[in-house]
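One structure below.
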Amino acid sequence: SGANERLGIPPIRFTDGPRGVCLGRATCFPVAMGRAATWDIELEEQVGSAMGREARAQGANFFGGVCVNVPRHPGWGRSQETFGEDPFLLGEMGAATVRGAQRHVMACAKHFACNSMEEARFHVDVAVDERTLREIYLPHFRRCVDEGVACIMSAYNRVNGEYCGHNGRLLREILKKEWGFTGFVMSDFVFGVRNGVRAALGGLDVEMPYRWRYGYGFKRKVKRGMVPVETIDEAARRVIRTKAAFARAGEGDYDPAHVGSERHAELALAVARESIVMLKNRGKTLPLDRSALSRLAVIGPLADRENIGDMGSSRVKPPYVVTPLAGIKKLAAGEIEIVHDSGSDPGRAGALAREADASVVVVGLTRKDEGEYMPVIHTGGDRLDLRLPRGQAELVSAVASEGGPCVVVLEGGSAIVTEPWINEVDSLLMAWYPGMEGGNAIAGVLFGEVNPSGKLPLTFPASNDQNPSFDRKARRQEYGYYHGYRLFNERGMKPSFAFGFGLTYTVFEYSALHLDQVVVMPGGGLTVD
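Under this note's numbering, think of the first position of the sequence shown as 243, with each following residue one higher.
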């Protein structure tokens with residue numbers, strides 16, 4: 243859209259993709275929540291660059307995969323698309339994606355603002371005070387603006403009574419005037435604009451994916467003076483100025499061979515390895531000793547499933563997906579007999595575990611449990627219950643009760659309640675939706691080829707009642723200052739696993755500590771030997 247051949251103005255060619263480009267074939271990286279667990283900003287910049295290159299190689303010049311919304315409740319369906327519950331971490335990871343992608347294409351940060359309720363997103367009015375808005379729900383967007391992001395996408399929901407696509411307080415006063423944003427603002431798709439006049443006056447520059455409220459009837463309203471011509475000129479200048487700034491961005495090699503290339507697959511593997519969080523390792527069960535195993539049982543509904551995440555606006559079509567079972571078989575080839583069961587019958591799975599030297603149970607969530615809400619095809623949406631889907635906890639207990647070492651691998655895009663079965667298992671890994679190389683990454687951690695280094699980017703509660711109030715059909719929802727680790731600190735609650743938690747195979751020991759001074763003055767330093 244927006245092309246003008248006579249004046250040499252290129253069109254906007256948009257693609258989405260929080261975990262990979264949504265055009266034809268593309269590399270599938272771990273979801274953003276998993277990448278946040280790496281806490282590796284340089285690695286995320288490489289991912290952003292790879293996605294930007296693949297977008298450009300397939301004809302796109304505009305990438306909408308930078309989602310920096312705060313998951314106020316960990317059951318928000320699209321938590322997997324964002325970088326955790328902390329505004330600072332969100333901002334730094336989002337800025338890294340922007341830096342990487344904008345070597346090649348324009349990037350868009352979304353959804354501005356307070357968008358963290360999936361099933362109510364089209365109608366909910368978020369009530370939020372100024373301090374909470376400024377300190378919790380806006381800093382990460384400003385960080386992307388400071389990084390030079392080309393575009394900000396407005397959200398579907400209302401904030402303090404006004405739709406985000408019409409919200410002059412957000413778009414004109416804060417984003418454009420106060421922060422000095424020089425790019426353009428576009429709507430979320432189809433229902434992001436409810437009234438063209440109010441949107442234009444509020445500061446929305448582009449309606450996506452086509453003109454509806456900014457259509458022919460809108461032109462008549464401009465001629466009648468309902469929208470000043472200067473407002474239209476400003477929007478046009480913003481769009482053309484941004485296109486011009488990126489017209490020559492990344493001139494170089496954009497051979498389609500880069501799409502899903504071996505180099506990008508290696509990057510996807512590296513990210514998946516760093517993203518895995520070890521949550522428990524009783525008795526040093528992990529890493530598994532291949533020399534001591536003759537038979538390993540790999541059990542569970544997700545053990546041999548290509549489970550890469552949501553199928554909404556983050557859908558990506560990789561050239562292949564390595565499942566956990568495939569990764570384990572590859573790494574254990576010729577050394578260990580691998581036996582597999584889907585776990586549909588817990589009794590049968592338990593019997594299989596009893597005959598094995600150790601068991602790996604792969605359970606968790608799929609696109610049917612969480613993601614962008616698709617009511618027609620019954621997929622996605624928010625989770626009020628953070629426990630494992632029906633029957634999976636019973637499967638874990640059935641396998642763990644057989645006496646041999648039991649390792650559980652969780653897949654999913656956000657927090658999962660692990661009580662009470664966590665007490666029954668020996669080791670627990672959180673693998674997120676690990677992308678196309680996920681199975682190889684999981685196997686590498688299980689067998690000690692990789693030392694787990696991931697740290698949780700959000701809190702894992704011990705029970706559902708530790709979470710903020712959440713009505714997924716709400717017409718109005720108050721967003722308070724406290725969520726995530728802030729809420730746990732405020733209420734004195736103990737989670738199953740805290741924000742930043744993550745174990746490793748390395749053992750650290752300190753002894754004979756000596757401090758160079760007992761009292762440290764403000765601005766002073768302390769040396770520990």
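The C-beta atom is built at its ideal place from N, Cα and C for all residues, glycine as well.
Because the structure is a prediction, the values reported are computed rather than measured.
DSSP three-state assignment for Pro260, whether helix, strand or coil: As a first step, residue 260 is located in the sequence shown; it is residue number 18 there, counting from the start. Correct three-state label for Pro260: strand.
For Glu653, which of helix, strand or coil comes out of DSSP? The sequence position of residue 653 within the sequence shown is 411, counting from 1. Of the three classes helix, strand and coil, the one that applies to Glu653 here is strand, per DSSP.
Whole beta strand (DSSP E) runs in the segment 281-363 with 3 or more residues, listed along the chain? Taken in chain order, the complete beta strand (DSSP E) segments of 3 residues or longer contained in the segment 281-363 are 304-309, 348-354.
I'd like to know if the segment 584-599 and the segment 622-632 are in contact, where contact means that at least 3 CB-CB pairs between them fall below 8 Å. No, the segment 584-599 does not touch the segment 622-632.
Which residue or residues does DSSP assign as beta-bridge partners of Leu413? If you number the sequence shown from 1, residue 413 lands on position 171. Assignment of beta-bridge partners to Leu413 by DSSP yields no partner.
What are the boundary residues of the beta strand (DSSP E) that Gly623 is part of? Your numbering for residue 623 matches position 381 in the sequence shown. Per DSSP, the unbroken beta strand (DSSP E) holding Gly623 starts and ends at 621-623.
Within the same chain, show all residues whose beta-carbon is closer than 6 Å to that of Leu745, passing over the 5 residues directly before and after it, in chain order. The count along the sequence shown starts at 1 and reaches residue 745 at position 503. Excluding positions up to five away in sequence, the list reads Met520, Asn523.
Measuring CB to CB, does Thr484 end up less than 9 Å from Ala397? Indexing the sequence shown from 1 puts residue 484 at position 242. Indexing the sequence shown from 1 puts residue 397 at position 155. Cβ distance not < 9 Å, so Thr484 and Ala397 don't count as in contact.
Close Cβ partners of Thr748 (< 8 Å) along its chain, the five nearest in sequence each way excluded: Stepping through the sequence shown from its first residue, residue 748 is reached at position 506. Around Thr748: Asn693.
Three-state class that DSSP yields for Asp495 in the structure shown: Numbered from 1 along the sequence shown, position 253 holds the residue referred to as residue 495. DSSP places Asp495 in coil when its eight states are reduced to three.
Cβ shell of Asp627 (< 7 Å), same chain only, five flanking positions each side left out: Taking the first residue of the sequence shown as position 1, residue 627 is located at position 385. So the list reads Asn706, once near-sequence residues are dropped.
In chain order, which continuous runs of the alpha helix (DSSP H) of length 4 or greater are located wholly inside the segment 507-592? As for any alpha helix (DSSP H) of minimum length 4 sitting wholly inside the segment 507-592, the runs are 566-574, ordered along the chain.
Taking DSSP's pairing of strands, which residues face Ala600 in a bridge? Here the question's residue 600 lines up with position 358 in the sequence shown. Bridge partners of Ala600: Leu538.
Quick one: Cα of Thr374 to Cα of Lys461, how far? Here residue 374 is taken as the residue at index 132 of the sequence shown, counted from 1. Here residue 461 is taken as the residue at index 219 of the sequence shown, counted from 1. Near 38 Å, if we compare the C-alpha coordinates of Lys461 and Thr374.
Relative to the alpha-carbon of Asp328, which residue among Gln300, His346, Ala278 has its alpha-carbon at the smallest distance? Along the sequence shown, one-based indexing puts residue 328 at 86. Closest option to Asp328, Cα to Cα, is Ala278.
Quick one: Cα of Arg557 to Cα of Phe730, how far? Start at 1 with the first residue of the sequence shown, and residue 557 comes out as number 315. Start at 1 with the first residue of the sequence shown, and residue 730 comes out as number 488. Distance between the alpha carbons of Arg557 and Phe730 is about 33 Å.
Where DSSP assigns a beta bridge to Asp367, which residues make up the other side? Indexing the sequence shown from 1 puts residue 367 at position 125. Within the DSSP bridge table, the entry for Asp367 names Arg400, Arg718 as partners.
Just reading off the beta strand (DSSP E) that Phe426 is part of, what are its end residues? The residue labelled residue 426 in the question sits at position 184 within the sequence shown. Segment 426-428, the beta strand (DSSP E) holding Phe426.
Give the DSSP bridge partners of Cys648, in chain order. Reading the sequence shown from its first residue, position 406 is the one you call residue 648. DSSP lists Ser601 as partners of Cys648.
Just to check my reading of the structure: Asn682 and Gly569 have Cβ atoms closer than 8 Å, yes? What is that Cβ distance to the nearest angstrom? For the purposes of this step, residue 682 is taken as residue 440 along the sequence shown, with counting starting at 1. For the purposes of this step, residue 569 is taken as residue 327 along the sequence shown, with counting starting at 1. Correct: roughly 4 Å between the Cβ atoms.
Which residues DSSP lists as bridging Tyr747, in chain order: Residue mapping note: residue 747 aligns to position 505 of the sequence shown, counting from 1. For Tyr747, which the question treats as bridged, DSSP gives no partner whatsoever.
CA-CA distance, Gly407 and Leu446? Within the sequence shown, the letter at position 165 stands for residue 407. Within the sequence shown, the letter at position 204 stands for residue 446. Per the coordinates, the alpha-carbon of Gly407 lies some 6 Å from the alpha-carbon of Leu446.
Proximity to Val310 [Cα-Cα], best of Arg384, Ala343, Asp611, Glu284: As a first step, residue 310 must be located in the sequence shown, where it is residue number 68. The alpha carbon of Val310 has as its nearest neighbour, out of Arg384, Ala343, Asp611, Glu284, the alpha carbon of Arg384.
Can you name the residues that DSSP bridges to Cys393? For the purposes of this step, residue 393 is identified with residue 151 of the sequence shown, where counting begins at 1. Per DSSP, the beta bridge partners of Cys393 are Cys350, Phe426.
Proximity below 9 Å, CB of Val604 to CB of Pro543: Counting from one through the sequence shown, the residue named residue 604 turns up at place 362. Counting from one through the sequence shown, the residue named residue 543 turns up at place 301. Their beta carbons are under 9 Å apart, which means Val604 touches Pro543 by this criterion.
What's the C-alpha gap between Gly403 and Glu720? For the purposes of this step, residue 403 is identified with residue 161 of the sequence shown, where counting begins at 1. For the purposes of this step, residue 720 is identified with residue 478 of the sequence shown, where counting begins at 1. Going from the Cα of Gly403 to the Cα of Glu720 covers about 12 Å.
For Tyr218: DSSP bridge partner residues: It is not possible to answer for residue 218, since the shown part of the chain is limited to 243 through 771.
Just to confirm before moving on: does the CB-CB distance between Ala343 and Gly422 stay below 9 Å? Mapped onto the sequence shown, residue 343 falls at position 101. Mapped onto the sequence shown, residue 422 falls at position 180. Not closer than 9 Å, so no.
So the beta strand (DSSP E) Ser669 belongs to, where does it begin and stop? The sequence position of residue 669 within the sequence shown is 427, counting from 1. Segment 669-672, the beta strand (DSSP E) holding Ser669.
Segment contact, 8 Å Cβ cut-off, at least three pairs: the segment 314-323 with the segment 284-298: No, they do not touch.
Evaluate contact between the segment 630-648 and the segment 243-253, counting only Cβ atoms and requiring at least three cross-stretch pairs below 8 Å. Between the segment 630-648 and the segment 243-253 there are fewer than three inter-stretch CB-CB distances shorter than 8 Å, so the stretches are not counted as touching.
For the segment 425-439 against the segment 467-485, do three or more pairs of beta-carbon atoms, one drawn from each stretch, fall closer than 8 Å, so that the two count as touching? Below 8 Å, enough C-beta pairs join the segment 425-439 and the segment 467-485 to call them touching: three or more.
Give every residue of the same chain whose Cβ lies closer than 7 Å to the Cβ of Gly326, excluding the five residues on either side of it in the sequence, and list them in chain order. Working through the sequence shown from its first residue, we reach residue 326 at position 84. For Gly326, same chain residues with a beta-carbon under 7 Å away, outside a window of 5 residues either side, are Met275, Ala278, Leu332, Pro699, Leu700 in chain order.
Alpha carbons only, please: which of Phe330, Tyr675, Val308 is nearest the one belonging to Leu511? Here residue 511 is taken as the residue at index 269 of the sequence shown, counted from 1. Ranking the options by Cα distance to Leu511, first place goes to Tyr675.
From the DSSP output, in three-state form, read off Leu757 for me. Taking the sequence shown and counting its residues from 1, the one referred to as residue 757 is at position 515. In this structure, Leu757 counts as strand in the three-state DSSP scheme.
List the endpoints of the continuous alpha helix (DSSP H) containing Met678. Reading the sequence shown from its first residue, position 436 is the one you call residue 678. In the DSSP assignment, Met678 falls outside any alpha helix (DSSP H), carrying neither H nor E.
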